[in-house]
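This report refers to the structure that appears directly beneath it.
In my numbering, the protein residues as written are -1 to 448.
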(Lines of atoms letter the chains of each structure in order from A and count residues from 1; the text may use other names and numbers.)
(Lines give C-alpha, C1' and ligand atoms only; values in the text may rest on other atoms or scores of the structure.)
Protein backbone atom coordinates (compact mmCIF):
# COMPACT_ATOMS: atom_id res chain seq x y z
CA UNK A 1 0.00 0.00 0.00
CA UNK A 2 1.10 3.59 -0.66
CA UNK A 3 2.02 5.37 2.57
CA UNK A 4 0.94 8.97 2.86
CA UNK A 5 1.72 11.85 5.18
CA UNK A 6 -0.05 15.20 5.36
CA UNK A 7 2.08 18.33 5.25
CA UNK A 8 -0.10 21.04 6.74
CA UNK A 9 1.09 24.40 5.41
CA UNK A 10 0.50 27.42 7.65
CA UNK A 11 3.03 30.25 7.83
CA UNK A 12 5.43 28.38 5.52
CA UNK A 13 4.09 28.70 1.97
CA UNK A 14 7.21 27.47 0.15
CA UNK A 15 9.04 24.28 -0.76
CA UNK A 16 12.67 25.40 -0.27
CA UNK A 17 14.34 25.43 3.15
CA UNK A 18 11.33 23.63 4.63
CA UNK A 19 12.31 20.99 7.24
CA UNK A 20 8.73 19.87 7.91
CA UNK A 21 8.14 19.21 4.22
CA UNK A 22 11.37 17.19 4.05
CA UNK A 23 10.28 15.18 7.09
CA UNK A 24 6.94 14.35 5.47
CA UNK A 25 8.64 13.33 2.21
CA UNK A 26 11.15 11.14 4.05
CA UNK A 27 8.41 9.31 5.93
CA UNK A 28 6.03 8.52 3.11
CA UNK A 29 5.63 7.43 -0.49
CA UNK A 30 3.37 10.40 -1.19
CA UNK A 31 2.58 13.58 0.65
CA UNK A 32 -0.82 15.21 0.95
CA UNK A 33 -0.18 18.98 0.87
CA UNK A 34 -2.91 20.85 2.73
CA UNK A 35 -3.81 24.42 3.61
CA UNK A 36 -6.72 24.90 6.01
CA UNK A 37 -8.58 28.17 5.58
CA UNK A 38 -9.75 29.74 8.82
CA UNK A 39 -12.68 31.93 7.84
CA UNK A 40 -12.66 33.67 11.22
CA UNK A 41 -9.15 34.97 10.56
CA UNK A 42 -9.98 35.81 6.95
CA UNK A 43 -12.93 37.85 8.14
CA UNK A 44 -10.60 40.15 10.08
CA UNK A 45 -8.24 40.72 7.16
CA UNK A 46 -8.25 43.54 4.64
CA UNK A 47 -8.62 43.01 0.91
CA UNK A 48 -4.91 43.40 0.16
CA UNK A 49 -3.85 40.73 2.64
CA UNK A 50 -6.52 38.36 1.37
CA UNK A 51 -5.48 38.93 -2.24
CA UNK A 52 -1.86 38.34 -1.25
CA UNK A 53 -2.71 35.05 0.48
CA UNK A 54 -4.73 33.88 -2.51
CA UNK A 55 -1.83 34.56 -4.88
CA UNK A 56 0.65 32.93 -2.51
CA UNK A 57 -1.47 29.78 -2.38
CA UNK A 58 -1.65 29.70 -6.17
CA UNK A 59 2.13 30.00 -6.32
CA UNK A 60 2.60 27.18 -3.81
CA UNK A 61 0.15 25.05 -5.78
CA UNK A 62 2.25 25.43 -8.94
CA UNK A 63 5.34 24.31 -7.01
CA UNK A 64 3.40 21.21 -5.96
CA UNK A 65 2.27 20.36 -9.50
CA UNK A 66 -1.24 21.64 -8.73
CA UNK A 67 -1.88 19.14 -5.97
CA UNK A 68 -2.43 21.45 -3.01
CA UNK A 69 -5.61 20.92 -1.02
CA UNK A 70 -7.32 24.10 0.21
CA UNK A 71 -10.16 23.37 2.60
CA UNK A 72 -12.02 25.69 4.96
CA UNK A 73 -13.13 24.49 8.37
CA UNK A 74 -12.12 23.54 11.87
CA UNK A 75 -8.56 22.13 11.72
CA UNK A 76 -9.35 19.00 13.75
CA UNK A 77 -12.35 18.15 11.60
CA UNK A 78 -10.53 18.86 8.34
CA UNK A 79 -7.47 16.84 9.32
CA UNK A 80 -9.50 13.82 10.44
CA UNK A 81 -11.48 13.91 7.21
CA UNK A 82 -8.42 14.25 4.98
CA UNK A 83 -6.54 11.52 6.85
CA UNK A 84 -9.45 9.16 6.32
CA UNK A 85 -10.16 9.92 2.68
CA UNK A 86 -6.51 10.00 1.57
CA UNK A 87 -5.26 7.22 3.80
CA UNK A 88 -2.69 9.43 5.53
CA UNK A 89 -1.16 8.16 8.75
CA UNK A 90 0.63 11.30 10.01
CA UNK A 91 0.50 15.10 9.98
CA UNK A 92 3.66 17.19 9.66
CA UNK A 93 3.85 20.90 10.51
CA UNK A 94 6.27 23.70 11.22
CA UNK A 95 5.90 24.67 14.87
CA UNK A 96 3.78 27.79 15.46
CA UNK A 97 4.63 29.92 18.51
CA UNK A 98 1.92 32.57 18.27
CA UNK A 99 -0.72 32.43 21.01
CA UNK A 100 -3.38 31.63 18.42
CA UNK A 101 -1.24 28.93 16.81
CA UNK A 102 -0.34 27.32 20.12
CA UNK A 103 -4.02 27.20 21.13
CA UNK A 104 -5.11 25.85 17.73
CA UNK A 105 -2.47 23.10 17.75
CA UNK A 106 -3.29 22.14 21.33
CA UNK A 107 -6.94 21.63 20.33
CA UNK A 108 -5.91 19.52 17.36
CA UNK A 109 -3.70 17.29 19.50
CA UNK A 110 -6.40 17.06 22.19
CA UNK A 111 -8.69 15.64 19.50
CA UNK A 112 -6.31 12.71 19.10
CA UNK A 113 -4.23 13.89 16.13
CA UNK A 114 -0.48 13.90 16.66
CA UNK A 115 1.33 16.82 15.02
CA UNK A 116 4.93 16.08 14.07
CA UNK A 117 6.61 19.45 14.44
CA UNK A 118 9.85 20.11 12.56
CA UNK A 119 11.33 23.58 12.29
CA UNK A 120 9.60 26.92 12.79
CA UNK A 121 9.24 30.31 11.06
CA UNK A 122 12.35 31.54 12.89
CA UNK A 123 16.09 31.04 12.65
CA UNK A 124 16.08 30.41 16.40
CA UNK A 125 12.80 29.19 17.83
CA UNK A 126 11.23 31.29 20.60
CA UNK A 127 12.27 30.09 24.03
CA UNK A 128 15.71 28.87 22.92
CA UNK A 129 17.69 32.01 23.75
CA UNK A 130 17.82 32.53 27.51
CA UNK A 131 19.93 34.31 30.08
CA UNK A 132 22.39 32.42 32.27
CA UNK A 133 19.70 32.01 34.94
CA UNK A 134 17.38 30.42 32.32
CA UNK A 135 15.00 33.38 32.31
CA UNK A 136 14.00 35.04 29.01
CA UNK A 137 15.52 38.29 27.80
CA UNK A 138 13.46 41.43 28.27
CA UNK A 139 15.72 43.87 26.41
CA UNK A 140 16.72 43.64 22.77
CA UNK A 141 20.47 44.35 22.76
CA UNK A 142 21.54 41.53 25.10
CA UNK A 143 19.05 39.25 23.33
CA UNK A 144 20.72 40.07 20.02
CA UNK A 145 24.17 39.20 21.35
CA UNK A 146 22.92 35.91 22.78
CA UNK A 147 20.94 35.16 19.61
CA UNK A 148 24.06 35.58 17.49
CA UNK A 149 26.08 33.44 19.92
CA UNK A 150 23.42 30.72 19.79
CA UNK A 151 23.53 30.63 16.00
CA UNK A 152 21.25 28.87 13.56
CA UNK A 153 21.26 26.01 11.09
CA UNK A 154 22.08 26.43 7.43
CA UNK A 155 19.11 26.49 5.05
CA UNK A 156 17.56 23.09 4.46
CA UNK A 157 17.88 21.45 1.05
CA UNK A 158 15.18 21.95 -1.56
CA UNK A 159 13.42 18.63 -2.26
CA UNK A 160 14.74 17.03 -5.44
CA UNK A 161 11.36 15.46 -6.10
CA UNK A 162 7.92 15.85 -4.52
CA UNK A 163 5.46 13.02 -4.98
CA UNK A 164 2.02 14.24 -3.96
CA UNK A 165 -1.27 12.42 -3.89
CA UNK A 166 -3.75 13.24 -6.63
CA UNK A 167 -6.30 15.57 -5.00
CA UNK A 168 -10.05 15.25 -5.26
CA UNK A 169 -11.55 18.16 -7.16
CA UNK A 170 -13.81 19.14 -4.26
CA UNK A 171 -10.74 19.69 -2.06
CA UNK A 172 -9.22 22.45 -4.17
CA UNK A 173 -11.19 25.42 -2.85
CA UNK A 174 -8.85 28.25 -3.79
CA UNK A 175 -10.23 31.66 -2.80
CA UNK A 176 -10.87 34.18 -5.52
CA UNK A 177 -9.72 37.22 -3.59
CA UNK A 178 -8.60 40.14 -5.74
CA UNK A 179 -7.19 43.61 -5.14
CA UNK A 180 -6.90 46.72 -7.26
CA UNK A 181 -3.09 46.74 -7.11
CA UNK A 182 -0.65 44.18 -8.54
CA UNK A 183 0.19 41.38 -6.11
CA UNK A 184 3.69 39.90 -6.13
CA UNK A 185 3.33 36.93 -3.79
CA UNK A 186 4.78 33.45 -3.53
CA UNK A 187 8.15 31.80 -3.13
CA UNK A 188 9.52 32.79 -6.53
CA UNK A 189 8.56 36.43 -5.94
CA UNK A 190 10.28 36.29 -2.55
CA UNK A 191 13.48 34.82 -3.97
CA UNK A 192 13.48 37.33 -6.82
CA UNK A 193 13.04 40.23 -4.41
CA UNK A 194 15.82 38.89 -2.16
CA UNK A 195 18.18 38.65 -5.14
CA UNK A 196 17.23 42.15 -6.28
CA UNK A 197 17.84 43.52 -2.80
CA UNK A 198 21.22 41.81 -2.56
CA UNK A 199 22.20 43.35 -5.88
CA UNK A 200 20.88 46.88 -5.35
CA UNK A 201 20.01 47.60 -1.71
CA UNK A 202 21.67 45.41 0.89
CA UNK A 203 25.08 47.07 0.87
CA UNK A 204 23.54 50.51 1.48
CA UNK A 205 20.80 49.32 3.82
CA UNK A 206 22.25 51.07 6.87
CA UNK A 207 22.22 54.41 5.04
CA UNK A 208 18.90 54.19 3.17
CA UNK A 209 16.52 52.11 5.28
CA UNK A 210 14.95 55.07 7.10
CA UNK A 211 14.12 57.18 4.06
CA UNK A 212 10.46 56.69 3.27
CA UNK A 213 10.60 58.13 -0.24
CA UNK A 214 13.14 55.66 -1.67
CA UNK A 215 13.26 51.89 -2.09
CA UNK A 216 15.84 51.41 0.65
CA UNK A 217 14.29 48.52 2.55
CA UNK A 218 14.18 44.85 1.61
CA UNK A 219 10.37 44.77 1.22
CA UNK A 220 10.60 41.14 2.38
CA UNK A 221 8.34 41.51 5.41
CA UNK A 222 5.26 40.02 3.72
CA UNK A 223 7.31 37.18 2.27
CA UNK A 224 8.68 36.41 5.73
CA UNK A 225 5.28 36.69 7.37
CA UNK A 226 3.76 34.10 5.01
CA UNK A 227 6.87 31.95 5.06
CA UNK A 228 7.53 32.27 1.34
CA UNK A 229 11.17 32.66 2.34
CA UNK A 230 12.83 31.70 5.62
CA UNK A 231 15.03 33.99 7.68
CA UNK A 232 17.77 31.32 7.50
CA UNK A 233 17.90 31.87 3.76
CA UNK A 234 18.56 35.57 4.34
CA UNK A 235 21.03 35.12 7.18
CA UNK A 236 23.12 32.67 5.15
CA UNK A 237 24.03 35.45 2.71
CA UNK A 238 25.01 38.12 5.24
CA UNK A 239 28.58 39.17 5.90
CA UNK A 240 30.24 41.34 8.53
CA UNK A 241 29.83 44.79 7.00
CA UNK A 242 27.91 47.50 8.84
CA UNK A 243 25.03 47.37 6.34
CA UNK A 244 24.76 43.60 6.61
CA UNK A 245 24.89 43.75 10.39
CA UNK A 246 22.10 46.34 10.51
CA UNK A 247 19.97 44.07 8.32
CA UNK A 248 20.78 41.10 10.55
CA UNK A 249 19.64 43.15 13.55
CA UNK A 250 16.30 43.80 11.87
CA UNK A 251 15.80 40.05 11.44
CA UNK A 252 16.69 39.68 15.12
CA UNK A 253 14.05 42.25 16.12
CA UNK A 254 11.44 40.00 14.52
CA UNK A 255 12.76 37.02 16.45
CA UNK A 256 13.05 39.00 19.69
CA UNK A 257 9.41 40.08 19.54
CA UNK A 258 8.36 36.50 18.79
CA UNK A 259 10.31 35.40 21.88
CA UNK A 260 8.75 38.11 24.04
CA UNK A 261 5.24 37.19 22.93
CA UNK A 262 5.99 33.49 23.45
CA UNK A 263 6.84 34.16 27.09
CA UNK A 264 4.07 36.76 27.53
CA UNK A 265 1.13 35.63 25.39
CA UNK A 266 -1.22 38.09 27.09
CA UNK A 267 0.70 40.96 25.47
CA UNK A 268 -0.98 40.34 22.13
CA UNK A 269 -3.44 43.05 23.19
CA UNK A 270 -2.44 43.75 26.81
CA UNK A 271 0.35 45.87 28.28
CA UNK A 272 3.86 44.49 28.64
CA UNK A 273 4.47 47.15 31.31
CA UNK A 274 1.14 46.93 33.17
CA UNK A 275 1.48 50.27 34.98
CA UNK A 276 0.60 52.02 31.73
CA UNK A 277 -2.95 50.74 32.09
CA UNK A 278 -3.27 53.42 34.75
CA UNK A 279 -2.50 56.26 32.37
CA UNK A 280 -5.27 58.67 31.41
CA UNK A 281 -6.27 58.04 27.79
CA UNK A 282 -8.86 59.61 25.52
CA UNK A 283 -11.62 57.70 23.77
CA UNK A 284 -11.34 57.26 20.00
CA UNK A 285 -13.59 59.57 18.03
CA UNK A 286 -13.25 62.02 15.17
CA UNK A 287 -9.51 62.44 15.69
CA UNK A 288 -8.97 58.69 15.50
CA UNK A 289 -10.99 58.61 12.29
CA UNK A 290 -8.82 61.40 10.90
CA UNK A 291 -5.71 59.38 11.76
CA UNK A 292 -7.12 56.30 10.03
CA UNK A 293 -7.98 58.29 6.91
CA UNK A 294 -4.69 60.19 6.71
CA UNK A 295 -6.32 63.53 7.43
CA UNK A 296 -4.50 64.73 10.55
CA UNK A 297 -3.02 67.82 8.89
CA UNK A 298 0.53 66.52 9.42
CA UNK A 299 1.86 65.64 5.95
CA UNK A 300 4.29 62.85 6.91
CA UNK A 301 1.70 61.15 9.12
CA UNK A 302 -1.00 61.46 6.47
CA UNK A 303 1.26 60.12 3.70
CA UNK A 304 2.04 57.07 5.82
CA UNK A 305 -1.56 56.32 6.71
CA UNK A 306 -2.67 56.67 3.10
CA UNK A 307 0.18 54.42 2.01
CA UNK A 308 -1.15 51.77 4.40
CA UNK A 309 -4.76 51.99 3.26
CA UNK A 310 -3.91 52.26 -0.44
CA UNK A 311 -1.20 49.58 -0.63
CA UNK A 312 -1.39 47.33 2.45
CA UNK A 313 2.16 48.26 3.47
CA UNK A 314 3.88 51.07 5.33
CA UNK A 315 7.52 52.03 5.62
CA UNK A 316 9.04 51.06 8.98
CA UNK A 317 10.10 54.59 9.91
CA UNK A 318 6.59 55.78 9.10
CA UNK A 319 5.10 53.07 11.33
CA UNK A 320 6.95 54.48 14.32
CA UNK A 321 5.94 58.06 13.53
CA UNK A 322 2.22 57.34 13.11
CA UNK A 323 2.21 55.13 16.21
CA UNK A 324 3.81 57.87 18.28
CA UNK A 325 1.30 60.37 16.90
CA UNK A 326 -1.66 58.19 17.89
CA UNK A 327 -0.44 57.57 21.43
CA UNK A 328 1.47 60.76 22.30
CA UNK A 329 -0.42 63.39 20.25
CA UNK A 330 -3.95 61.95 20.26
CA UNK A 331 -3.58 60.22 23.68
CA UNK A 332 -5.22 57.00 22.51
CA UNK A 333 -4.29 53.52 23.67
CA UNK A 334 -1.94 51.67 21.36
CA UNK A 335 -4.39 48.80 20.81
CA UNK A 336 -6.61 51.00 18.61
CA UNK A 337 -3.79 51.58 16.16
CA UNK A 338 -2.49 48.02 16.39
CA UNK A 339 -5.89 46.64 15.40
CA UNK A 340 -6.11 49.05 12.47
CA UNK A 341 -2.69 47.87 11.32
CA UNK A 342 -3.87 44.29 11.83
CA UNK A 343 -6.74 44.86 9.44
CA UNK A 344 -4.73 46.51 6.66
CA UNK A 345 -1.12 45.26 6.71
CA UNK A 346 -0.28 42.49 4.26
CA UNK A 347 2.74 41.65 6.42
CA UNK A 348 0.75 41.64 9.68
CA UNK A 349 2.71 39.61 12.23
CA UNK A 350 1.09 39.57 15.65
CA UNK A 351 4.35 39.62 17.64
CA UNK A 352 6.04 42.36 15.62
CA UNK A 353 2.86 44.41 15.43
CA UNK A 354 1.90 44.29 19.11
CA UNK A 355 5.40 44.81 20.43
CA UNK A 356 6.41 47.32 17.79
CA UNK A 357 3.42 49.38 18.87
CA UNK A 358 4.24 48.95 22.55
CA UNK A 359 7.88 49.94 21.97
CA UNK A 360 6.75 53.20 20.37
CA UNK A 361 3.96 53.72 22.88
CA UNK A 362 6.50 53.41 25.69
CA UNK A 363 4.91 50.47 27.46
CA UNK A 364 7.01 47.73 25.87
CA UNK A 365 10.56 46.40 25.92
CA UNK A 366 12.55 49.60 26.31
CA UNK A 367 14.84 50.98 28.97
CA UNK A 368 13.63 54.61 28.80
CA UNK A 369 10.30 54.32 27.10
CA UNK A 370 7.66 56.98 27.33
CA UNK A 371 9.83 60.08 27.04
CA UNK A 372 10.46 59.37 23.36
CA UNK A 373 7.96 61.45 21.39
CA UNK A 374 8.43 61.56 17.64
CA UNK A 375 8.02 65.02 16.12
CA UNK A 376 5.98 64.42 12.96
CA UNK A 377 7.29 67.56 11.30
CA UNK A 378 10.98 66.97 11.97
CA UNK A 379 10.67 63.28 11.08
CA UNK A 380 9.28 64.28 7.71
CA UNK A 381 12.03 66.83 7.10
CA UNK A 382 14.69 64.29 8.02
CA UNK A 383 13.42 61.16 6.30
CA UNK A 384 11.52 62.69 3.35
CA UNK A 385 13.56 65.81 2.84
CA UNK A 386 12.47 66.43 -0.75
CA UNK A 387 8.85 65.59 0.01
CA UNK A 388 8.55 62.86 -2.63
CA UNK A 389 6.85 60.44 -0.23
CA UNK A 390 4.32 63.10 0.77
CA UNK A 391 3.62 64.14 -2.82
CA UNK A 392 2.96 60.52 -3.82
CA UNK A 393 0.29 59.92 -1.19
CA UNK A 394 -0.93 63.45 -0.41
CA UNK A 395 -1.54 65.00 -3.85
CA UNK A 396 -3.15 68.07 -2.25
CA UNK A 397 0.41 69.13 -1.35
CA UNK A 398 2.15 68.18 -4.60
CA UNK A 399 2.42 71.82 -5.66
CA UNK A 400 4.58 72.76 -2.67
CA UNK A 401 8.36 72.88 -2.66
CA UNK A 402 10.58 70.74 -0.44
CA UNK A 403 10.96 73.70 1.92
CA UNK A 404 7.20 74.19 2.19
CA UNK A 405 5.64 70.74 2.07
CA UNK A 406 6.29 69.68 5.67
CA UNK A 407 4.57 72.76 7.18
CA UNK A 408 1.91 73.89 4.69
CA UNK A 409 0.20 76.03 7.35
CA UNK A 410 3.09 78.50 7.14
CA UNK A 411 2.49 79.35 3.48
CA UNK A 412 -0.30 81.21 1.70
CA UNK A 413 -0.61 78.47 -0.91
CA UNK A 414 -0.43 75.62 1.59
CA UNK A 415 -4.15 74.88 1.72
CA UNK A 416 -5.09 75.96 -1.81
CA UNK A 417 -5.73 72.39 -2.98
CA UNK A 418 -7.92 71.36 -0.08
CA UNK A 419 -5.45 69.87 2.38
CA UNK A 420 -6.86 69.58 5.90
CA UNK A 421 -5.80 71.75 8.82
CA UNK A 422 -3.99 70.22 11.80
CA UNK A 423 -6.29 68.42 14.23
CA UNK A 424 -3.90 69.04 17.16
CA UNK A 425 -0.88 71.14 18.00
CA UNK A 426 2.07 68.78 18.38
CA UNK A 427 4.05 70.99 20.78
CA UNK A 428 1.12 71.30 23.16
CA UNK A 429 0.20 67.61 22.95
CA UNK A 430 3.78 66.57 23.69
CA UNK A 431 3.61 68.49 26.97
CA UNK A 432 0.19 67.00 27.70
CA UNK A 433 1.57 63.53 27.06
CA UNK A 434 4.41 63.96 29.54
CA UNK A 435 2.00 65.41 32.10
CA UNK A 436 -0.09 62.26 31.84
CA UNK A 437 3.05 60.23 32.44
CA UNK A 438 3.83 62.23 35.56
CA UNK A 439 0.46 61.25 36.98
CA UNK A 440 1.49 57.58 37.17
CA UNK A 441 5.23 57.91 37.55
CA UNK A 442 5.69 57.60 41.36
CA UNK A 443 9.20 57.88 42.80
CA UNK A 444 11.21 55.70 40.45
CA UNK A 445 11.55 55.51 36.66
CA UNK A 446 9.17 53.31 34.75
CA UNK A 447 11.40 50.45 33.59
CA UNK A 448 9.79 47.31 32.14
CA UNK A 449 12.95 45.36 32.97
CA UNK A 450 12.43 45.87 36.69
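C-beta: ideal position from N, C-alpha, C; glycine also.
Out of the options, state which residue places its alpha-carbon closest to the alpha-carbon of residue i.
i, options, result
"residue 312", "391, 331, 139 and 76", "391"
"residue 284", "302, 330 and 262", "330"
"residue 432", "238, 325 and 389", "325"
"residue 187", "157, 57 and 249", "57"
"residue 218", "18, 185, 423 and 209", "185"
"residue 397", "381, 379 and 416", "416"
"residue 414", "2, 98 and 394", "394"
"residue 7", "0, 338 and 30", "30"
Check residue i in the structure and name its three-state DSSP category.
i, result
"residue 298", "helix"
"residue 228", "coil"
"residue 264", "helix"
"residue 344", "coil"
"residue 244", "helix"
"residue 18", "helix"
"residue 176", "coil"
"residue 91", "strand"
"residue 233", "helix"
"residue 447", "Because the pLDDT of residue 447 is 45, which lies under 50, any placement of that residue in the model is unreliable, and the question is left without a value."
"residue 305", "helix"
Excluding the five sequence neighbours on either side, which residues of its own chain have a C-beta within less than 7 Å of the C-beta of residue i, listed in chain order?
i, result
"residue 359", "321, 325 and 332"
"residue 21", "90, 114 and 116"
"residue 127", "135, 141, 144, 145, 148 and 257"
"residue 374", "296, 298, 299, 319, 323 and 424"
"residue 171", "68, 69 and 70"
Can residue i and residue j be called in contact, C-beta distance under 7 Å?
i, j, result
"residue 493", "residue 348", "Because the chain in this structure spans residues -1 to 448, residue 493 falls outside the shown range and cannot be described."
"residue 387", "residue 254", "no"
"residue 336", "residue 314", "no"
"residue 488", "residue 344", "The question about residue 488 has no answer here: the residues shown for the chain are numbered -1 through 448."
"residue 25", "residue 3", "yes"
"residue 327", "residue 422", "yes"
"residue 118", "residue 93", "yes"
"residue 223", "residue 434", "no"
"residue 177", "residue 14", "no"
"residue 163", "residue 28", "yes"
"residue 382", "residue 211", "yes"
"residue 11", "residue 340", "no"
Which partner residues of residue i appear in the DSSP bridge assignment?
i, result
"residue 32", "6 and 67"
"residue 134", "128"
Can you list, in chain order, the residues of its chain whose CB lies under 6 Å from that of residue i, leaving out five sequence neighbours each side?
i, result
"residue 76", "34 and 69"
"residue 195", "216"
"residue 214", "206 and 207"
"residue 245", "203"
Suppose the cutoff is 8 Å on Cβ atoms and the five residues either side in sequence are ignored; what does the same chain contact list for residue i look like?
i, result
"residue 377", "298, 315 and 319"
"residue 441", "Here the model assigns residue 441 a pLDDT of 45, short of 50, so the residue's position is not dependable, and the following value carries that caveat. None."
At a cut-off of 6 Å, is residue i close to the ligand GDP when judged by its beta-carbon and the heavy atoms of the ligand?
i, result
"residue 322", "Ligands are entirely absent from the displayed structure, and the ligand GDP is therefore not among its contents."
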